[in-house]
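K.L.:
This is the structure I have questions about; it appears just below.
Number of protein chains: 2
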Amino acid sequence: MTLNDLQSQLIPQIEASLKAKINAFDFNHTNQLKRMITYQMGWSADGAHDGGGKRIRPFLSLLCAGACKDQIEMAMPAAMAIEFLHNFTLIHDDIQDKSPLRHGKPTLWKKWGIAQAINAGDALFAIAQMTILKLADTTNEHICNLAASEFNQVCLHLTQGQYLDIAFESLDNVDIKTYLNMIEGKTAALIAFSTHVGGLAAGQTKDFLDLLSAYGKCLGMAFQIQDDFLGVWGDPLVTGKSTASDLLTRKKSLPILYGLENCPEFQDQWQKVPITAEYVLEMAKTLEICGAKKYVVTKAKEYTGRAFEILGQLFPKRNTYAVALKELTHDLLNRNA
Amino acid sequence: MTLNDLQSQLIPQIEASLKAKINAFDFNHTNQLKRMITYQMGWSADGAHDGGGKRIRPFLSLLCAGACKDQIEMAMPAAMAIEFLHNFTLIHDDIQDKSPLRHGKPTLWKKWGIAQAINAGDALFAIAQMTILKLADTTNEHICNLAASEFNQVCLHLTQGQYLDIAFESLDNVDIKTYLNMIEGKTAALIAFSTHVGGLAAGQTKDFLDLLSAYGKCLGMAFQIQDDFLGVWGDPLVTGKSTASDLLTRKKSLPILYGLENCPEFQDQWQKVPITAEYVLEMAKTLEICGAKKYVVTKAKEYTGRAFEILGQLFPKRNTYAVALKELTHDLLNRNA
């Protein structure tokens, strides 16, 4: 089976499990609260899939479990919990960033107001917790406890990354080291947990799990840096965002921080308020000339290279799932959207 | 030992444990996030207690554990988790209600902005989760898993109560049954869990735990109804709130809903916008004449009576903790602030 085959098989399975989980909760007097959650998960009112995310994190957990033990079912509660948690963070993120749209649809707070959106996020957080605790049924109580504790350590790490992200907005400049620290919390920590918990559910040892986390962390860092790359040099026809959108929205992403640190000409351009749609192409060009593009690509490749290296150590004898993991690692970092 | 003695002994112990827990987390690059949490917990920057809450919920958990087993330490992780969770809900509540003050100090969102306050609440939620999972050390992994699952069931229940509370604001009227449903989620569920988990940590059976929950639920309902009473007829010098503050802020509390349902004169008064400080005394009088005061007192007494009844069933042979529980039940429902 190729990565594509596994995707066609497992993503619908993840999707069905997520839906069954939400439907199992008693929302009696609060059906509208349930609707907010299903809306965020990307399901239309009649339950059909309606353009949520790619379920990449739970898919990663299942692949890692499968690569360890040739079966995936025992990791399903953790995989689902991660997707619920991810969506909880998106709900609160969108309020914090004042984002009106996600996946082309109004965000939860735009549709139901800030107060109800905060609350729906909290409900989804509680659901994520109950979901991961079901590892007690598919593994054992000891593994379940470990996984739940680590899950919440990651949640705390996420809020630390988010704290920095919000704080950065009101700063003139941010040094690159602090920025990498922030994305480690905001993006890499949950992806590292996704790979880690697959192995944990499969009963792997501490040393092996540390390596799995390290693999996931590299994957997460490279993923975010690639995102930052696409935010300046991505093809708008492919990404679905406007050209150099991170410049337009003045997002302090990695290439932009590099430019602010190393390129006086870019610093001058950045000072000009507002940055117009016509002007961003020139700014992207300045960034490229001063070495920001090369720097970002090199950085992403560093993490990617390390991810492949660890993958080789983890699964020298590769089964179907491990082969798919390698392919997925390649695809994630060579994507153009 | 009397209730007072136990309070002087256990509340400082709870307080010290809460502080030690927060200090044990690594906040390295995000000290300000830690400061938000300690601020919410009522601690000044140098760690002194600075007017947080009364820690009534964790105190209840410890008393229930003690009443079951004559010792309290094994329930401490759950007691702490409940206080963290309670404070997490207060952070988000204050944003949702746009409340500028709590315990006479600016609320978290007033001081640090909505985005950071949502995030600090989320961090405290994760901390609450990690804290309850420490029951594995003081009891065993099975009890720990059960407690953590029930804890999150309660979290979901809280968000359902909160959903209704927010939704009620934009409704002209709410029937009393739906209102009682709302406060069951918003207030009683966490108090019921506080009493329940004390017995769970002490290794009690399912039937006994159900009774403990029922006791806590009655306590929580009576507590909230007494709050509603004080919101209309409380002495402002004692409560620290303005006279008939719930009328002033148009809060749809139990006496007011009774008036809207049963008293045409009160309905007319309620229509007048704005309700002035001079006018509220007249309105409170109208409510009293039409039977709202009597109704609310009767309702509170119903729940209180049931609480005492269950307490007698639970602990026919009373130790120090059980005696204190009885005294506390009496005090909570006969308080005037």
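Chains as they are written, first to last, in the numbering used here: chain A, 5 to 341; chain B, 5 to 341.
A virtual CB, placed ideally from N, CA and C, is assigned to each residue, including glycine.
All values reported here derive from a predicted model rather than from experimental measurement.
Determine the extent of the alpha helix (DSSP H) in which Phe212(B) is found, giving its start and end residues.
P.N.:
Per DSSP, Phe212(B) belongs to the alpha helix (DSSP H) from 210 to 237.
K.L.:
With three or more C-beta pairs closer than 8 Å as the rule, is the segment 256 to 268 of chain A touching the segment 6 to 18 of chain B?
P.N.:
Flag = no, the segment 6 to 18 of chain B and the segment 256 to 268 of chain A do not touch.
K.L.:
Do the segment 290 to 299 of chain A and the segment 266 to 281 of chain A make contact, defined as three or more Cβ pairs closer than 8 Å?
P.N.:
Yes, since at least three Cβ pairs between the segment 290 to 299 of chain A and the segment 266 to 281 of chain A fall closer than 8 Å, the two stretches touch.
K.L.:
Taking the straight line between their C-alpha atoms, what separation do you get for Asp141(A) and Ala311(A)?
P.N.:
Roughly 32 Å between the two C-alpha positions.
K.L.:
Does DSSP classify Pro81(A) as helix, strand or coil?
P.N.:
In this structure, Pro81(A) counts as helix in the three-state DSSP scheme.
K.L.:
Write down every uninterrupted run of the beta strand (DSSP E) in the segment 251 to 305 of chain B whose length is 3 residues or greater and which is fully enclosed by it, in chain order.
P.N.:
With a minimum length of 3 residues, no continuous beta strand (DSSP E) run stays inside the segment 251 to 305 of chain B.
K.L.:
Give, in chain order, every residue of the segment 141 to 159 of chain A whose Cβ lies closer than 9 Å to some Cβ of chain B.
P.N.:
The residues in question are Asn144, Glu145, His146, Cys148, Asn149, Ala152, Ser153, Phe155, Asn156, Gln157, Val158, Cys159.
K.L.:
Note down the Cα distance separating Lys303(B) from Arg254(B), rounded to an integer number of angstroms.
P.N.:
For Lys303(B) and Arg254(B), the distance between alpha carbons rounds to 21 Å.
K.L.:
Name, please, each residue of chain A whose Cβ falls closer than 8 Å to the Cβ of Tyr43(B).
P.N.:
What Tyr43(B) touches in chain A: nothing, since even the nearest Cβ is about 14 Å away.
K.L.:
Could you check which residue in Glu87(A), Ala85(A), Ala121(A), His90(A) has the C-alpha nearest to that of Ile99(A)?
P.N.:
Checking every option, the nearest Cα to that of Ile99(A) belongs to Ala121(A).
K.L.:
Could you name the residues of the segment 262 to 292 of chain A whose beta carbon sits closer than 9 Å to any beta carbon of chain B, in the order they occur along the chain?
P.N.:
Listed by position along the chain: nothing, the set is empty.
K.L.:
So which residues on chain A does His33(B) lean against when the C-beta distance must stay under 8 Å?
P.N.:
In chain order: Gln164, Leu168, Thr182, Asn185.
K.L.:
Under 8 Å, with one C-beta from each stretch per pair, do the segment 315 to 327 of chain B and the segment 207 to 225 of chain B reach the 3-pair mark?
P.N.:
These segments touch.
K.L.:
Is Met134(A) close to chain B, meaning its C-beta is less than 7 Å from at least one C-beta of that chain?
P.N.:
Taking Cβ atoms only, chain B reaches closer than 7 Å to Met134(A), which makes this a yes.
K.L.:
Quick check: the segment 182 to 197 of chain A against the segment 153 to 171 of chain A, are at least 3 beta-carbon pairs closer than 8 Å?
P.N.:
Yes: the two stretches touch, three or more of their Cβ pairs being nearer than 8 Å.
K.L.:
Take the Cβ of Glu286(B) as the centre, count every other Cβ of all protein chains shown within 10 Å, and call the residue buried at 16 or more, exposed below.
P.N.:
Looking at its Cβ environment, which holds fewer than 16 other Cβ atoms inside 10 Å, Glu286(B) is exposed.
K.L.:
Can you tell me whether Asp97(A) is buried or exposed, with buried defined as 16 or more other CB within 10 angstroms of its CB?
P.N.:
The residue is buried, with at least 16 neighbouring Cβ atoms inside 10 Å.
K.L.:
Going along chain B, which residues have a C-beta under 9 Å from Leu137(A)?
P.N.:
Residues of chain B passing the Cβ test: Asn149, Ala152, Ser153, Asn156.
K.L.:
Pull up the distance between the alpha-carbon of Gly70(B) and that of Ala79(B), whole angstroms please.
P.N.:
Taking the straight line from one Cα to the other gives about 9 Å.
K.L.:
Mapping DSSP to helix, strand and coil, what is Leu105(B)?
P.N.:
Note: Leu105(B) maps to strand in three-state DSSP.
K.L.:
Are Asn338(A) and Asp74(A) touching if we call contact CB-CB under 7 Å?
P.N.:
Contact flag unset, no.
K.L.:
Straight-line CA distance for Pro104(B) to Asn340(A)?
P.N.:
One C-alpha to the other measures close to 46 Å.
K.L.:
Which same chain residues end up closer than 7 Å to Val178(B) when comparing Cβ atoms and leaving out the 5 residues on each side of it in sequence?
P.N.:
Excluding residues within five positions, the ones whose Cβ falls inside 7 Å are Phe172, Lys256, Leu261.
K.L.:
Residues in the same chain with beta-carbon distance under 7 Å from Ala83(B), minus the five sequence neighbours each way, listed in chain order, please.
P.N.:
Here the set comprises Ile18, Pro62, Ser65, Leu66.
K.L.:
Using a Cβ-Cβ cutoff of less than 8 Å, which residues in the same chain neighbour Thr290(B) once the five nearest sequence positions on both sides are dropped?
P.N.:
Only Gly263, Cys267, Glu269, Phe270, Gln273 meet the Cβ criterion.
K.L.:
List in chain order: all unbroken alpha helix (DSSP H) runs of 4+ residues lying wholly within the segment 24 to 80 of chain A.
P.N.:
With a minimum length of 4 residues, the continuous alpha helix (DSSP H) runs that stay inside the segment 24 to 80 of chain A are 35 to 44, 60 to 73.
K.L.:
Could you name the residues of chain B that Gln228(A) contacts, counting a contact when the two beta carbons are closer than 7 Å?
P.N.:
Those within 7 Å of Gln228(A) in chain B number zero; the least Cβ separation is about 17 Å.
K.L.:
Under 8 Å by Cβ, that's how I've got Ala288(A) and Leu251(A) pegged, so tell me the actual separation to the nearest angstrom.
P.N.:
Contact holds; Cβ gap of about 7 Å.
K.L.:
My output table needs one value for Pro320(A): the three-state DSSP class, helix, strand or coil.
P.N.:
Coil at Pro320(A), not helix or strand.
K.L.:
Based on Cα-Cα distance, which residue from Leu204(A), Tyr167(A), Cys68(A), Lys276(A) lies nearest to Ile118(B)?
P.N.:
The residue with the shortest Cα to Cα distance from Ile118(B) is Tyr167(A).
K.L.:
Which bits of chain A does Asp179(B) rub up against, with CB to CB less than 7 Å?
P.N.:
Chain A residues near Asp179(B): none, gap ~12 Å exceeds 7 Å.
K.L.:
Can you tell me whether Glu77(B) is buried or exposed, with buried defined as 16 or more other CB within 10 angstroms of its CB?
P.N.:
Glu77(B) is exposed by the Cβ-count criterion.
K.L.:
Would a check of beta-carbon distances place Ile317(A) closer than 7 Å to chain B?
P.N.:
A small correction: the amino acid at residue 317(A) is Gln; Ile does not occupy that position in the sequence shown. Gln317(A) does not count as touching chain B.
K.L.:
Check each residue of the segment 16 to 33 of chain B: if its Cβ is closer than 8 Å to any Cβ of chain A, include it; give the result in chain order.
P.N.:
Flagged, chain order: Phe29, Phe31, His33.
K.L.:
Taking only beta-carbon positions, decide if Leu37(B) is within less than 7 Å of chain A.
P.N.:
Cβ-Cβ to chain A under 7 Å: yes for Leu37(B).
K.L.:
Quick one: is Gln75(B) near chain A, going by C-beta distance under 7 Å?
P.N.:
No, no contact with chain A.
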